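Have a look at the structure below, then the notes.
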Amino acid sequence: MISATNLKKGETVLEIGPGKGILTAALLGTEADKIIAVEKDGRSYGFLSQRFEKEISTDRLKLVLGDILGVDRHTAGLDERRYVLAANIPYYITGAILQSFLEHEPRPNRMVLLVQKEVADRIIARDGKESLLSVSVKAFGEPHIVSKVPRGAFNPPPKVDSAILAIKDVSGDRFKDIDTQAFFKMLKAGFAHKRKMLKRNLESVYGKSALDQAWAANGISEKIRAEELSVDRWFGLALSLRHYAHQKK
Numbered sequence: 006m007i008s009a010t011n012l013k014k015g016e017t018v019l020e021i022g023p024g025k026g027i028l029t030a031a032l033l034g035t036e037a038d039k040i041i042a043v044e045k046d047g048r049s050y051g052f053l054s055q056r057f058e059k060e061i062s063t064d065r066l067k068l069v070l071g072d073i074l075g076v077d078r079h080t081a082g083l084d085e086r087r088y089v090l091a092a093n094i095p096y097y098i099t100g101a102i103l104q105s106f107l108e109h110e111p112r113p114n115r116m117v118l119l120v121q122k123e124v125a126d127r128i129i130a131r132d133g134k135e136s137l138l139s140v141s142v143k144a145f146g147e148p149h150i151v152s153k154v155p156r157g158a159f160n161p162p163p164k165v166d167s168a169i170l171a172i173k174d175v176s177g178d179r180f181k182d183i184d185t186q187a188f189f190k191m192l193k194a195g196f197a198h199k200r201k202m203l204k205r206n207l208e209s210v211y212g213k214s215a216l217d218q219a220w221a222a223n224g225i226s227e228k229i230r231a232e233e234l235s236v237d238r239w240f241g242l243a244l245s246l247r248h249y250a251h252q253k254k
């Protein structure tokens with residue numbers, strides 16, 4: 006995980022759920038200027054405060070007590086600087102973490118997360134079968150699996166294998182001409198019924214005329230399903246639907 010973060014001087018790291026501080030200590034050993042660690046558990050927070058008393062006193066490490074999904078990033082000190090997110094997160098909030106840090110500013114410029122292997126595989130979608138999750142991540146950055154972590158690497162071992170997932174070049178640049186809410190409304194409708202053709206799924210959001218024109222403009226097959234459409238083509242479709250739906254009004 007440390008190697009994948011590729012931390013440099015001048016960068017800030019946001020760590021989620023430091024626990025006993027194993028990753029925290031490794032992050033402190035990098036060239037990063039500052040580590041901001043958000044811990045939800047009061048006991049762990051107290052332990053970390055003692056373990057890293059020196060680093061906290063020199064302001065190299067900032068500990069924040071709270072739930073990462075409720076912490077104000079501006080207050081935490083992430084408003085005017087580009088930062089890296091590194092975390093071994095509870096798997097049940099993986100989706101919420103990705104949504105929060107990809108869809109909302111200030112975004113990290115890259116992310117390195119330990120996640121469930123099955124989730125990492127779905128995000129990468131190596132088989133060409135996209136999902137709501139994979140398109141949602143690829144809309145903001147470039148994900149890849151750094152390495153797989155077998156369940157036996159943990160004590161006690163969990164019931165699933167894990168993987169280190171890195172997402173680089175995170176930004177909202179693709180949404181300069183597209184409304185984020187409108188894009189995800191289209192995306193969710195498109196993946197609502199996997200067995201149906203994409204065009205049929207989108208009928209609940211757009212009129213037939215707008216869909217016909219958008220399909221023709223993008224050269225999309227009438228039989229294509231949501232999982233077969235690449236991220237670039239999703240954005241092309243979104244632009245066309247915005248144009249033709251507005252034209253109708």
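Residue numbers (the working numbering): 6 to 254.
Note that the Cβ used here is the ideal one computed from N, Cα and C, for glycine as well.
This one's a predicted model, so the numbers in the text were calculated from it and none came from an experiment.
Extent of the continuous beta strand (DSSP E) to which residue i belongs
i: K25; result: Counting along the chain, K25 falls outside any beta strand (DSSP E), and DSSP gives it neither H nor E.
i: I172; result: 167-173
i: I102; result: No beta strand (DSSP E) holds I102; the alpha helix (DSSP H) holding it covers 99-108.
i: E44; result: 39-44
i: E147; result: 147-154
Collapsed DSSP secondary structure at residue i in the structure displayed
i: V69; result: strand
i: S291; result: Because the chain here runs from 6 to 254, residue 291 falls outside it and cannot be looked at.
i: R115; result: strand
i: T63; result: coil
i: E36; result: coil
i: L242; result: helix
i: A91; result: strand
i: E20; result: strand
i: G157; result: helix
i: D77; result: coil
i: D256; result: The structure shown does not extend to residue 256, since the chain is modelled only from 6 to 254, so the question has no answer here.
i: K254; result: Any answer about K254 is weak, because its pLDDT of 47 lies below 50 and its placement is not dependable; what the coordinates show is given next. K254 falls in the coil class under three-state DSSP.
i: R247; result: helix
Reference residue i, options the options, closest by Cα
i: G24; options: F52, K13, T35; result: F52
i: E60; options: G26, D217, W239; result: G26
i: D38; options: F240, E44, G82; result: G82
i: V151; options: P162, K122, P161, V165; result: K122
i: Y50; options: A130, H149, T29, Q186; result: T29
i: Q186; options: K153, I229, A243, S139; result: A243
i: K14; options: M6, L33, I21, I128; result: L33
i: P113; options: R87, A101, H248; result: R87
i: G100; options: D77, A125, K228; result: A125
i: H248; options: A219, E232, G224; result: A219
i: V117; options: E20, A221, A158, A250; result: E20
i: R115; options: V175, A221, M6; result: V175
i: K67; options: G22, L107, Y96; result: G22
i: I94; options: R48, D72, D217, P161; result: D72
i: E110; options: I98, F145, Y97; result: F145
i: T10; options: K201, E232, F240, H149; result: H149
i: F240; options: E227, K143, Q55; result: K143
i: D178; options: R238, K199, R200, L107; result: L107
Residue i and residue j closer than 8 Å at C-beta
i: A91; j: V43; result: no
i: A171; j: V120; result: no
i: R131; j: S139; result: no
i: S235; j: F196; result: no
i: R230; j: L203; result: yes
i: S245; j: N223; result: yes
i: I40; j: R65; result: yes
i: V89; j: E16; result: yes
i: A158; j: Y211; result: no
i: K199; j: E227; result: no
Residue i: first and last residue of the uninterrupted alpha helix (DSSP H) it sits in
i: L83; result: Unbroken run through L83: none, as it is neither H nor E.
i: A9; result: 7-10
i: Y96; result: Y96 -> no alpha helix (DSSP H), and no H or E assigned at all.
i: F52; result: 47-56
Beta carbon proximity, residue i to chain D, threshold 8 Å
i: I225; result: The displayed structure is made up of one protein chain only, and chain D is not part of it.
- Item | Uninterrupted alpha helix (DSSP H) stretches inside the region 117-142 (no shorter than 4 residues) | 122-129
- Query: Which whole runs of the alpha helix (DSSP H) in the region 186-235 are 4 residues long or more, in chain order?
  - Reply: 203-207, 213-223
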